[in-house]
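In the UniProt record's numbering, the protein residues as written are 1 to 294.
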């Protein structure tokens, strides 16, 4: 239990610190950072698979077109989420990005209701209502929807739905997604190289190292999370997931000095109230189920 909390918590802390890494790459266009992240992640994951001699799943997947089709869609959603996040961080929207990951659990509730026909409990409806109130307040104050947060939440929530119903584990699934994205990433990088715009070739060694690190920086927290999730209850994991957006929010305010006035604070308070209701309701249901089982 203690080891599981440490592993999963470490993963969320690393994810929370992502803005520091992507800000260091600010001189590289967001799309190119995404391309390098795809390619270096594939290389790193291939090394992990080779070390673990874990290749048998790949030959089995090649004979399952439905699995490949499902992972093609999840790869597109994942790459979209990565691109929006990278752009948001480098364009000064770290606070908005943190909001996206705060509301992701609530978006998951709505996706489960709409797609999986899961019936929402009263507490879940109350949480969704608080979240909707927060989004409406932020929309009214800024004059537009918090589209960065909503886009991140929707793409990641839908991606999570596809991965939840998939037949592959975290390591194999991400490996397949990067394999499917590789031809497009390689073609674009080749085009940049022909036009003398490949940052890995024209930037200094410091930037080259940072770009190459995008592989392990992407894969390692995912592996930590997968290892930790197997050792702790879902209720504990659900509480730990708020570490990442909390760290991102603090970085956005204290390190990158993004605007966070009282109007935005009120919107966040509504979202936090929704998450409190959601978490407490989930813990109560879990406790009641265990008590009934006893």
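Note that CB positions come from ideal geometry on N, CA and C, so glycine has one too.
If you're wondering where the values come from, they're calculated on a predicted model, not measured in any experiment.
- For residue 215, the secondary structure class from DSSP, reduced to helix, strand or coil, is helix.
- Taking the Cα positions, residue 154 is about 7 Å away from residue 107.
- In this structure, the alpha-carbon of residue 265 lies about 10 Å from that of residue 272.
- A straight-line Cα-Cα distance of about 16 Å links residue 41 and residue 80.
- Look at the stretch 11 to 78 and you find these whole runs of alpha helix (DSSP H), each 4 residues long or longer: 18 to 24, 30 to 52 and 56 to 61.
- Under the three-state reduction of DSSP, residue 242 is assigned to coil, being neither helix nor strand.
- Sequence-distant partners of residue 126 (beyond 5 residues in either direction) whose C-beta falls short of 6 Å from its own C-beta, in its chain, are 277.
- The three-state secondary structure of residue 144, taken from DSSP, is coil.
- When the beta-carbon positions are compared, residue 247 and residue 13 come within less than 8 Å of each other.
- The straight-line gap separating the alpha-carbon atoms of residue 141 and residue 76 is approximately 32 Å.
- Our two residues, residue 242 and residue 208, have alpha carbons roughly 32 Å apart in a direct line.
- Collapsing the DSSP output to three states places residue 232 in coil.
- The Cβ neighbour count for residue 94, taken over all protein chains shown within 10 Å, is at least 16; the residue is labelled buried.
- As for any beta strand (DSSP E) of minimum length 3 sitting wholly inside the stretch 160 to 229, there is none.
- Using a Cβ distance threshold of 8 Å, residue 238 and residue 279 count as a contacting pair.
- Counting along the chain, the unbroken alpha helix (DSSP H) around residue 112 starts and ends at 94 to 115.
- Judged by DSSP in its simplified three-state form, residue 263 adopts helix.
- A straight line joining the alpha-carbon of residue 201 with that of residue 85 spans about 24 Å.
- With contact defined as three or more Cβ pairs closer than 8 Å, the stretch 143 to 154 and the stretch 6 to 20 are not in contact.
- Ranked by Cα distance from residue 35, the first of 192, 65 and 24 is 192.
- Within a 10 Å sphere around the beta-carbon of residue 115 sit fewer than 16 other beta-carbons, which makes this residue exposed.
- Cα atoms of residue 257 and residue 28: separation of roughly 21 Å, rounded to the nearest angstrom.
- Take the alpha-carbon of residue 103 and the one of residue 131: they are about 7 Å apart.
- Within a 10 Å sphere around the beta-carbon of residue 134 sit 16 or more other beta-carbons, which makes this residue buried.
- With respect to residue 67, residue 167 sits close: the two C-beta atoms are nearer than 8 Å.
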